[in-house]
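Novice: Everything in the sequence shown is counted per the UniProt record's numbering, starting at 1 for the first residue and increasing by one. The structure's right below; bear with me while I get my questions together.
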Amino acid sequence: MSLSLVSNAHLDDISAKIKSKPVPWEGYQRAELVTSEELALIKKVDRQPRAKVESIHLSDGQTYALLYLRLLKKLQRVDTMQCLLVLIADALLDHDERIPLFARAAQSDPDLPYAPLLRTLEAQDDFVQLKSAQILTVLLSSESTPLQHQHLQPFLKVLSSLVQSQSQNKRDVAVQCLESLLARPECRRAVWEIPGILAGFVEILRHKPGPQMSYQVIFCIWLLSFEQDVAEQINKKYDIIPLLITVAQAAVKEKVIRVIIATFSNLITKAPSDNLPAMLVAQLLPFSKNLSTRKWSDEDILEDVQYVRDELERNFESLTTYDEYMSELASGHLSWTPVHESDAFWRENASRLNDRDYEQLKTLIGLLGSDDPVVLAVAVHDLGQYVKHYERGKRIITDLGGKARAMELMTHPDPDVRYHALLSVQELVSHPWSAV
């Protein structure tokens, strides 16, 4: 993997400045932190023209790979770490054949190459942290055997923090690192175990980044979707399907739509029952029909679009009204679809909310905590419909906390929420004629 695959203009600018800064190598020798041999070697490349350094790396690459890592292991001043990281990155830039030189350092010292780089990841200096992440990604992505837990886990935890950062440069580098690492199955499984990374991806997409960042984040999600556990659970945990549809609808770049549709294709192929209902609720079927009429420069897009459309149509035809309602409930995105205001639907299905220890009813009551006024209005309306058509449900709703929450919503700022909360509370406190 080439170092240039994790690129950042901000890091490049700082690297250029660091190359001209002096490092007190002689002082390190006087303090017996650097040997005279190490001093002689480092002076040959320190602040030297790139052509000269390249010539030295060409003839003595293994010696210098070992030197840089050993010095990084024992020297902890920020400016020194910056200099060594720039030297390592320059040695690797456009020279993938040198990656094994750094990997082979383990033969001389089992702590190398990873221990010093993992330590510098924890540095308070942003450049040191991000440059270490860039180099670690190159080395780890190029390993020919499965990555060791003690190397991967600490790195992923740092990337989790970076991807959730307020700093654009930190997010940019972290996403690029993950884009490279997630090609490896063991990395996909490890990333799935760290919720902060997916939460970071979702947050980035919600803030409507530019096309390139959108593409890179969704590329990471697409790679993750090859894992069975991810395909089964990602929408339940992160509500990813409606978010990706929103991104696709606003996308101006074909590659963004391509990777979103490829992700949907994976989710359908690997876990249809977990994803098709949510896709139908989020109106992916009409959107996929629209996409299938467009002209695409990449024929693979049309193939994936047609597959997604056909699977959705097949599923839609077999969907009962109650299945549709359950899918909407599970998605958390309630809206005024016809079932909510159909007396016939509620007469026939109200008692079914009690199935599996009131599972659907508990989900409905949970939505009374939503931040979306439309979801709140529909959910509290449905609670009233349930009680209206299943008289014994009043006590159940009270015991589950639904009545108290419905009463709170009578003072909600949104007039529609207040109106439907009032109607539902009237149903909850009314007495049937049979009880008089």
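The beta carbon of each residue, even a glycine, is placed where N, CA and C say it ideally should be.
Less than 7 Å between the beta carbons of Ala123 and Leu66, yes or no?
Specialist: no
Novice: Since Ile218 contacts Val259 with CB under 8 Å, what's their CB separation in whole angstroms?
Specialist: 5 Å
Novice: Please classify Val252: is it buried, with 16 or more other beta-carbons within 10 angstroms of its beta-carbon, or exposed?
Specialist: exposed
Novice: Here's a check: name, in chain order, each residue in its chain whose Cβ is nearer than 7 Å to the Cβ of Gly401, leaving out the five neighbours to either side.
Specialist: Closer than 7 Å at the Cβ level, and outside the excluded window around Gly401, lie Ile365.
Novice: Just checking, does the region 194-211 make contact with the region 294-303 on the three C-beta pairs under 8 Å criterion?
Specialist: Taking 8 Å as the limit for Cβ pairs, the verdict is that the region 294-303 does not touch the region 194-211.
Novice: Just curious, the alpha helix (DSSP H) that Val45 is in, first and last residue?
Specialist: Ser36 to Val45
Novice: Where does Val163 sit, in a helix, a strand or coil, going by DSSP?
Specialist: helix
Novice: From residue 474 to Ser335, what distance separates their C-alpha atoms?
Specialist: Nothing in the structure corresponds to residue 474, since the chain is present only between 1 and 436.
Novice: Should Gly27 go down as buried or exposed, given a rule of 16 or more other Cβ atoms within 10 Å for buried?
Specialist: exposed
Novice: Counting only runs that start and end within the region 223-303, where is the alpha helix (DSSP H) found for 4 or more residues in a row?
Specialist: Counting only runs of 4+ residues, the alpha helix (DSSP H) found wholly inside the region 223-303 occupies 228-238, 240-250, 254-270, 272-281 and 284-291, in chain order.
Novice: Could you check what DSSP says for Glu341 in three-state terms: helix, strand or coil?
Specialist: helix
Novice: Quick check for students: name the residue ranges of the alpha helix (DSSP H) that lie wholly in the region 105-168, counting only runs of 4 or more.
Specialist: 114-121, 126-141 and 149-163
Novice: Taking the alpha-carbon of Lys170 as reference, which of Pro113, Lys21, Ser7 and Lys208 has the nearest alpha-carbon?
Specialist: Ranking Pro113, Lys21, Ser7 and Lys208 by Cα distance to Lys170 puts Ser7 first.
Novice: Once the 5 residues before and after Thr137 are set aside, which same chain residues still bring their CB inside 7 Å of it?
Specialist: Val6, Cys177, Ser180 and Leu181
Novice: Can you have a look at Ser108 and say buried or exposed, based on whether 16 or more other CB atoms are within 10 angstroms of its CB?
Specialist: exposed
Novice: To the nearest angstrom, how far is it from the Cα of Val256 to the Cα of Leu152?
Specialist: 29 Å
Novice: Are the CB atoms of Arg405 and His412 nearer to each other than 7 Å?
Specialist: At a Cβ-Cβ threshold of 7 Å, Arg405 and His412 do not count as neighbours.
Novice: Determine the direct distance from the alpha carbon of Pro373 to that of Trp433, and round the result to whole angstroms.
Specialist: Residue confidence is low: Trp433 scores 42 on pLDDT, short of 50, so the model does not pin down where it sits. Its coordinate-derived value is still stated next. In a straight line, the C-alpha of Trp433 is about 34 Å away from that of Pro373.
Novice: Taking the alpha-carbon of Ala278 as reference, which of Pro209, Ala262, Ile234 and Tyr215 has the nearest alpha-carbon?
Specialist: Ile234
Novice: Note down the Cα distance separating Asp382 from Pro185, rounded to an integer number of angstroms.
Specialist: 43 Å
Novice: Is Glu193 helix, strand or coil when you go by DSSP?
Specialist: coil
Novice: What's the gap between the Cα of His389 and the Cα of Val378?
Specialist: Cα to Cα, His389 sits roughly 16 Å from Val378.
Novice: Of all the options Lys157, Glu232, Cys220 and Val230, which has the alpha carbon lying nearest to the alpha carbon of Glu196?
Specialist: Residue 196 is actually Gly in this sequence, not Glu. If we check each option's Cα against that of Gly196, Lys157 comes out closest.
Novice: I'd like to check one pair, Pro100 with Lys73: are the Cβ atoms closer than 7 Å?
Specialist: no
Novice: Just to confirm before moving on: does the CB-CB distance between Ala282 and Ile245 stay below 7 Å?
Specialist: In contact: Ala282 and Ile245 (Cβ atoms closer than 7 Å).
Novice: Look at Arg309 and Ser288 and say whether their C-beta atoms are less than 7 Å apart.
Specialist: yes
Novice: From Leu312 to Arg70, what distance separates their C-alpha atoms?
Specialist: 57 Å
Novice: Can you tell me whether DSSP reads Gly48 as helix, strand or coil?
Specialist: For the record, residue 48 in the displayed sequence is Gln; it is not Gly. Coil, per DSSP.
Novice: On the CB-based measure, 16 or more other CB atoms within 10 Å of its CB, does Gly210 come out buried or exposed?
Specialist: exposed
Novice: For Ala435 and Pro415, I'd like the C-alpha separation in whole angstroms.
Specialist: Residue placement at Ala435 is flagged as unreliable, the pLDDT there being 38, under the threshold of 50; a coordinate-derived value is accordingly withheld.
Novice: Assign Glu408 to buried or exposed, taking buried as 16 or more other Cβ atoms, counted over all protein chains shown, within 10 Å of its Cβ.
Specialist: exposed
Novice: Since Leu198 and Tyr238 are thought to touch, with beta carbons under 8 Å apart, how far apart are those beta carbons, to the nearest angstrom?
Specialist: Sure, about 5 Å apart at Cβ, within 8 Å.
Novice: Could you check the C-alpha separation between Arg356 and Ala330 for me, to the nearest Å?
Specialist: Distance from the CA atom of Arg356 to the CA atom of Ala330, rounded to whole angstroms, is 14 Å.
Novice: Can you tell me whether Arg189 is buried or exposed, with buried defined as 16 or more other CB within 10 angstroms of its CB?
Specialist: exposed
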